[in-house]
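For reference, the structure is listed below as structure tokens.
Residue numbers (full-length UniProt numbering), protein chains in the order written: chain A, 1 to 353; chain B, 1 to 293.
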């Protein structure tokens with residue numbers, strides 16, 4: 001089970017010796033600070049330039065997908081541990097925050113972070129048990145984990161309300177995270193995405209990110225350099241699952257409803273994987289670009305096909321996933337990189353002449 | 001007497017699981033391709049049998065005669081189109097390709113046939129009485145056919161030239177190629193056999209179980225559970241593993257609660273993965289599963 005470095009963003013000095021020294025490392029912390037400011041500015045401005053609820057729904061769909069994809073990316077993209085069970089963390093975060101509110105009156109401002117914490121702790125536990133599994137076996141263990149939670153959520157109906165799900169009571173007010181103006185959700189969820197983006201960029205440019213990538217490429221080589229691979233994997237798992245739990249909480253409050261199959265179902269896990277793959281695994285921007293593409297594609301296709309097209313856009317996603325993985329393993333970000341490099345070498349070539 | 005009935009039902013159910021798993025073990029265990037879309041092909045097999053019955057009034061057992069060879073070709077086609085390009089690449093590529101295939105197939109079924117549960121009524125819906133025990137005819141037939149197919153596949157892998165070539169490729173792809181075995185042809189045939197098994201399983205399941213687009217997910221999971229349980233690549237392991245899982249599910253349904261039937265084998269699965277990754281019967285592939293090993 002050797003790994004060729006298909007999905008890496010770091011190890012390719014042999015193919016591109018001198019053209020992109022900055023991109024081989026990380027494009028500098030300053031660039032990430034600027035990117036972060038740009039993303040924050042976009043999020044801040046959107047509710048000011050439109051009041052159209054349809055646009056808000058589209059934007060919030062993108063933000064939730066991007067945040068979930070980015071959280072998955074920390075474990076899947078950077079560390080190379082492919083989880084198809086992130087729906088488990090998403091649902092845990094959602095259920096904890098919603099049930100704390102409906103049964104104990106705890107405000108979501110506390111409930112959602114608590115949900116994230118619970119998801120993170122469960123992630124740590126599951127990670128401790130399963131991270132030694134390789135390839136398909138890790139994937140299977142994560143699927144089984146989410147399935148177990150799905151079955152529990154359906155059957156522990158005294159606690160969870162069972163299959164029909166739970167509605168978040170509509171009590172407008174900032175304390176209940178129920179806003180009259182949908183634009184406020186853009187700020188809330190967008191703000192969280194900015195945090196996730198910043199965290200990913202921080203990890204990318206600091207030691208943890210380099211260690212994670214080293215573990216992904218070769219655990220043995222990483223260990224021989226003195227990297228504690230278990231510790232690195234656990235840190236990334238805990239961060240990834242906690243962030244996913246928070247996404248679950250935000251999503252539940254945004255749609256004011258939560259149910260077992262849409263929270264814990266494998267479709268939810270696949271969504272996050274899909275945006276990360278299509279955008280570019282193991283890159284900071286990848287999941288965000290992937291989320292934009294997927295959400296817009298979804299709206300276009302369902303607009304064009306109407307209700308008769310139920311399921312058809314997902315057929316397109318499935319095929320897209322296969323094509324991207326086989327032929328564009330670095331996704332959109334990888335594609336943009338190639339274009340950028342070509343432009344740069346052209347320019348350099350011309351300068352030399 | 002109730003216990004006897006529970007045990008018999010579990011064994012019969014396990015027979016069907018065995019058939020699905022034998023198909024999976026041929027690609028996952030023998031040629032080491034992880035196909036998470038395996039269950040989706042069972043779903044396709046069920047729909048094929050359903051439409052053969054609706055459109056041409058064919059009994060699913062008769063339709064199987066046509067479905068199985070078609071699925072063999074389908075499997076080879078899927079290998080050539082998609083999985084062929086994953087050989088020698090990062091193992092993750094294979095996982096994603098099969099997940100993409102799963103998403104595409106399930107939703108294609110949703111688009112074409114809708115989310116309705118569809119059933120077929122035939123003589124196989126009856127129940128035979130053997131002493132104190134009820135034997136659902138459809139389940140009994142599925143059990144017997146599954147056993148026969150598993151035994152036939154075992155013979156194929158152990159005794160024929162094709163089987164020897166397959167095992168050679170599994171053990172050392174490069175050496176096998178040097179000995180004149182065509183790797184891609186081998187993989188392609190293995191995939192064909194695997195998908196043919198799902199076609200047969202689908203035809204056998206249609207008279208006893210409703211079909212809907214996501215019916216395959218549970219089969220995928222069960223089959224992976226069984227293949228790991230039985231020891232990767234061992235057809236006999238998959239056969240016995242299937243029976244064990246059928247029994248576990250049936251017993252858990254009776255003694256714990258039907259709601260927790262599936263929970264039981266997921267728990268068994270996680271325990272097996274963690275504690276005994278080489279499977280219950282111990283073919284040593286632990287090195288590929290646990291890093292410590």
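Here a beta-carbon is modelled for each residue, glycine too, at the ideal position from N, C-alpha and C.
Note down, in chain order, every chain A residue with its Cβ under 7 Å from the Cβ of residue i.
i, result
"residue 323/B", "In the structure as shown, chain B starts at 1 and stops at 293, and residue 323/B therefore has no counterpart that could be examined."
"residue 148/B", "Here the premise fails: no neighbours, minimum Cβ distance about 29 Å."
"residue 266/B", "144, 147 and 148"
"residue 269/B", "144"
"residue 224/B", "140"
"residue 153/B", "By Cβ distance, chain A contributes nothing, its closest Cβ being about 22 Å from residue 153/B, past 7 Å."
Residues of chain B with a CB under 9 Å from the CB of residue i: which are they?
i, result
"residue 321/A", "96, 97, 99, 100, 101, 103 and 104"
"residue 292/A", "Near residue 292/A there are no residues of chain B at all, since even the closest Cβ is about 20 Å away, more than 9 Å."
"residue 264/A", "Correct list: empty, because the minimum Cβ distance to chain B is about 13 Å."
"residue 227/A", "Near residue 227/A there are no residues of chain B at all, since even the closest Cβ is about 14 Å away, more than 9 Å."
"residue 84/A", "36, 95 and 99"
Run down chain A in chain order and give the residues with a C-beta less than 8 Å from the C-beta of residue i.
i, result
"residue 122/B", "Residues of chain A passing the Cβ test: none, with the nearest at roughly 29 Å."
"residue 262/B", "147 and 151"
"residue 217/B", "266"
Residue i lies in the alpha helix (DSSP H); which residues open and close that run?
i, result
"residue 155/A", "135-155"
"residue 260/A", "260-264"
"residue 55/A", "53-73"
"residue 302/B", "The first residue shown for chain B is 1 and the last is 293, placing residue 302/B beyond what the model contains."
"residue 183/B", "183-205"
"residue 327/A", "312-327"
"residue 80/B", "60-81"
"residue 39/B", "38-56"
"residue 253/A", "229-255"
"residue 224/B", "215-229"
"residue 357/A", "The shown model of chain A, from 1 to 353, leaves out residue 357/A, and the question about it has no answer."
"residue 104/A", "86-104"
"residue 113/B", "91-113"
"residue 42/A", "29-49"
"residue 298/A", "286-305"
"residue 126/A", "108-130"
"residue 34/B", "First-last for residue 34/B: undefined, no H or E at that position."
"residue 192/A", "183-205"
"residue 266/B", "261-275"
Looking only at its chain, what residues have a beta carbon closer than 6 Å to the beta carbon of residue i, apart from the 5 residues adjacent to it on each side?
i, result
"residue 231/A", "none"
"residue 21/A", "Unreliable placement is indicated for residue 21/A, whose pLDDT of 42 sits below 50; no coordinate value is reported for it."
"residue 213/B", "106, 109 and 110"
May I ask you to check if the CB of residue i is nearer than 6 Å to at least one heavy atom of the ligand FMN?
i, result
"residue 297/A", "Although the ligand FMN was asked about, the structure shown includes no ligands whatsoever."
Less than 8 Å between C-beta atoms, sequence neighbours within five positions excluded: which residues of the same chain meet that for residue i?
i, result
"residue 185/A", "56, 60, 179 and 254"
"residue 171/A", "178"
Considering just the uninterrupted stretch of the beta strand (DSSP E) at residue i, what are its terminal residues?
i, result
"residue 134/B", "133-136"
"residue 129/B", "127-130"
Mind listing the chain A neighbours of residue i? Cutoff is C-beta to C-beta under 9 Å, in chain order.
i, result
"residue 274/B", "129, 130, 132, 133 and 141"
"residue 259/B", "151, 154 and 155"
"residue 24/B", "The premise fails here: residue 24/B is roughly 11 Å from chain A at the closest Cβ pair, so nothing lies under 9 Å."
Name, please, each residue of chain B whose Cβ falls closer than 8 Å to the Cβ of residue i.
i, result
"residue 326/A", "82, 85, 86, 93 and 97"
"residue 260/A", "Those do not exist, as residue 260/A stays about 12 Å from chain B at its closest Cβ, beyond 8 Å."
"residue 346/A", "Ordered by position in chain B, no residue passes the 8 Å Cβ test against residue 346/A, which lies about 30 Å from the chain."
"residue 272/A", "The premise fails here: residue 272/A is roughly 12 Å from chain B at the closest Cβ pair, so nothing lies under 8 Å."
"residue 277/A", "96"
"residue 164/A", "Ordered by position in chain B, no residue passes the 8 Å Cβ test against residue 164/A, which lies about 15 Å from the chain."
Tell me which same chain residues have a C-beta within less than 7 Å of the C-beta of residue i, skipping the five on either side of it?
i, result
"residue 36/A", "194, 197, 198 and 201"
"residue 84/B", "184"
"residue 87/A", "146, 263, 264, 265, 266, 268 and 269"
"residue 147/B", "15"
"residue 217/B", "39"
In the DSSP assignment, what are the bridge partners of residue i?
i, result
"residue 166/A", "258/A"
"residue 178/A", "173/A"
Practice problem: Decide if the segment 62-69 of chain A is in contact with the segment 272-286 of chain A; the criterion is three or more beta carbon pairs, one per stretch, under 8 Å apart. | Solution: yes
Quiz item: Pairing CB atoms from the segment 130-139 of chain A with CB atoms from the segment 89-96 of chain B, are three or more of them under 8 Å?
Solution: yes
Quiz item: Are there three or more Cβ pairs, one per stretch, closer than 8 Å when the segment 283-303 of chain A is compared with the segment 107-121 of chain A?
Solution: no
Quiz item: Is the segment 222-230 of chain B close to the segment 140-151 of chain B, with three or more CB pairs under 8 Å?
Solution: no
Quiz item: With contact counted as at least three CB pairs below 8 Å, one residue from each stretch, are the segment 148-165 of chain A and the segment 254-272 of chain A in contact?
Solution: yes
Quiz item: Is the number of C-beta pairs between the segment 180-200 of chain A and the segment 43-57 of chain A that are closer than 8 Å three or more?
Solution: yes
Self-check item: Inter-stretch contact (C-beta, 8 Å, three-pair minimum) for the segment 229-248 of chain A and the segment 200-220 of chain A
Solution: yes
Quiz item: If you pair each beta-carbon of the segment 312-332 of chain A with each one of the segment 103-112 of chain B, do three or more pairs fall below 8 Å?
Solution: yes
Exercise. Answer yes if the segment 38-47 of chain A comes into contact with the segment 186-196 of chain A, meaning at least three C-beta pairs across the two stretches below 8 Å, and no otherwise.
Key: yes
Self-check item: the segment 34-52 of chain B / the segment 325-344 of chain A touching (three or more Cβ pairs under 8 Å)
Solution: Taking one beta carbon from each stretch, the segment 34-52 of chain B and the segment 325-344 of chain A have fewer than 3 pairs nearer than 8 Å; the two do not touch.
Practice problem: State whether the segment 159-171 of chain A contacts the segment 240-260 of chain A, with contact taken as three or more CB pairs (one from each stretch) at a distance under 8 Å. | Solution: The segment 159-171 of chain A makes contact with the segment 240-260 of chain A; the number of CB pairs closer than 8 Å reaches 3 or more.
Exercise. Pair every Cβ in the segment 192-204 of chain B with every Cβ in the segment 16-30 of chain B, then say whether three or more of these pairs are closer than 8 Å.
Key: yes
Practice problem: For the segment 66-75 of chain B and the segment 241-249 of chain B, state whether three or more C-beta atom pairs, one from each stretch, are separated by less than 8 Å. | Solution: no
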